[in-house]
Amino acid sequence: MPLAAGGLHASELADRLNVSRQAVAQAVAALERHDYVVRNPHPSDARARIVELTPRGRHALRVMRSNALDIEKKWRDMLGEKRFGELRETLVALLSAEAGEST
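Following the numbering used here, the numbering of the sequence shown begins with 5 at its first residue and continues without gaps.
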């Protein structure tokens, strides 16, 4: 999760997520309205803003990660280690293809 380690400029966030800057701007505005992120002045560039998680945003991230781990465990238990590994490889390949990367 790009913001988990600290704040990022919106353009850097767009690059890391492989989405348009416009998409990031819209998402950040919505997240800011709901107090999940804030935009603070960049320490060395007065024109730039850094997007950072708020305490509410950090809490939401922890909950999402916990839920994702629970789902992953459930699927691993249902499918078994081998089939779950194949599923994971397939999903990674699909995401890479969507991002325009080769696997």
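By construction, the Cβ of each residue, glycine as well, lies at the ideal position given by its N, Cα and C atoms.
So if DSSP puts His63 in a beta bridge, which residue, or which two residues, is it bridged to?
His63 pairs with nothing; no bridge assigned.
Sheet register partners of Ile54 (DSSP bridge):
His13 and Asn44
Mapping DSSP to helix, strand and coil, what is Ser24?
coil
Sequence-distant residues of the same chain with beta carbon closer than 6 Å to Ala103, five excluded per side:
Asn22
Who are the near neighbours of Val28 in its chain, counting only those whose CB is closer than 6 Å to its CB and skipping five residues on each side?
Ala14, Leu17 and Ala18
Using C-beta distances below 8 Å, list every residue in its chain close to Glu36, excluding the 5 sequence neighbours before and after it, in chain order.
Val42 and Arg43
Leaving out five residues on either side along the sequence, give the residues of the same chain with a beta carbon under 8 Å from the beta carbon of Ser24.
Ala18
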